[in-house]
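Presented below is the structure to which this report refers.
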Amino acid sequence: MTPSIAPTPSSHFYTSLRTRLHYLDWGNPSAPTLILVHGGFDHARSWDWTARALAQDYHVIAPDLRGHGDSGWSADGSYMIANLVYDLAQLVDILGRSPVMIVGHSLGGSVSLRYAGLYPEKVQRIVAIEGLGLAPARLKDKKETPLPDEWREWIDKRRARAAKPPRRYPTIEAAVGRMQERNERLSVEQALHLTTHGMNRNEDGSYSWKFDPYLNVMAPHAASDMDLPAFWEQITCPTLLCLGTDSWASNPVKDGRIKHFRNARLVEFAHAGHWLHHDRFDRFMGELRAFLEGERFDGRSVVRS
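Residue 305 is where the sequence shown ends in UniProt numbering, and the numbering goes up by one at each step.
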């Protein structure tokens, strides 16, 4: 699967918390605004297939989160969830088209759901692809770790990260191989597209990923997953939760987290992992279009695709 021809997005920048951030605009500004928020260690061009399929009907905006893609890195190498939510809030206000619709994957889904809980009047519909954070069982284990131990572990890992040079690949093909290791379901064409847009060329001719290596070491309480239900409970718009049946992510119906949403439905995608919007693209687009176009559904129901 390769992205279809035109349209081609235009690049734009804005400033948030003294950081220059990048987003793609796929045109059609008179249409309803749809914001696509990528996951950790990813970039805005990961949405190209989705954006091209929807650009005729929506004003599609795809930002690069701080520390990712063509957005600037945080000066102190710290990436607090609160800052990422602030960045999204800044972008929505700059666009001036609320209420908006949002689709977020993984980290992007977690950020987007927090935003929707903070500003429910500014979000018309929201989709979270495995964006609910740590499963309850893992959160319980995390709570049992003494805070001083967690802080010392972070300091040790941060120092080790600072002493380690960014990984370099001699060729794009070598990096494509690493991309396919991360998601073995990707075709060569998909992996090449994601890799090409996700790398910078170094002075010696080698290639390195665009994302900030310090993203590998999140500061204590940076995620604050234990606080997530408080945000979910404030979301008033219809919410679509997507889960790959072959993913490591926990099922929110089975673990009880869906009860925190007022009006949410879970869709499970068979033969799909964490990047289900790549693994089952056609099926994902069918569910997404129906949801964005106002299909009614019973909250907390489960659909298997």
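A virtual CB, placed ideally from N, CA and C, is assigned to each residue, including glycine.
Predicted, not measured: the structure shown is a model, and the values here were computed from it.
Under the DSSP assignment, residue 124 falls in the beta strand (DSSP E) whose first and last residues are 123-129. Inter-residue distance for residue 159 and residue 206 is about 25 angstroms (C-alpha atoms, whole angstroms).
By the Cβ rule, the region 19-36 counts as touching the region 55-69, because three or more pairs are nearer than 8 angstroms.
CA-CA distance, residue 226 to residue 141, rounds to 12 angstroms. DSSP lists 21 as the beta-bridge partner residues of residue 14. If the five residues before and after residue 116 are omitted, its C-beta is found closer than 6 angstroms to the C-beta atoms of 123, 126 and 235, all from its own chain and listed in chain order. DSSP lists 269 as the beta-bridge partner residues of residue 244.
Between the region 146-156 and the region 187-199 there are fewer than three C-beta pairs closer than 8 angstroms, too few to call the two in contact.
Note that the C-beta distance between residue 39 and residue 107 is below 8 angstroms.
Cβ neighbours of residue 136 within its own chain (closer than 6 angstroms, five residues either side excluded): 255. For the pair of segments examined, the region 74-89 was found not to touch the region 265-283: the number of CB pairs separated by less than 8 angstroms stays below three.
Counting along the chain, the unbroken beta strand (DSSP E) around residue 35 starts and ends at 33-37. For the 8 angstroms CB-CB criterion, residue 257 and residue 271 do not form a contact. Cβ contact annotation for residue 161 (same chain, cutoff 7 angstroms, sequence separation greater than five): 213, 214, 216 and 217, in chain order. The beta carbon of residue 228 sits closer than 6 angstroms to those of 133, all from its chain and outside the five residues before and after it, given in chain order. Of the other Cβ atoms in all chains shown, 16 or more fall within 10 Å of the Cβ of residue 64; this residue is therefore buried. Remark: C-beta atoms of residue 208 and residue 265 do not approach each other more closely than 8 angstroms.
For the pair residue 43 and residue 98, the Cα-to-Cα distance works out to about 23 angstroms. Residue 76 and residue 238 have their C-alpha atoms spaced approximately 37 angstroms apart. Here the alpha carbon of residue 105 sits roughly 6 angstroms from the alpha carbon of residue 37. In this model, residue 245 and residue 204 are separated by some 42 angstroms (Cα to Cα). The Cβ-Cβ distance between residue 232 and residue 113 falls below 8 angstroms.
By the CB criterion at 8 angstroms, residue 78 and residue 19 fall outside the cutoff.
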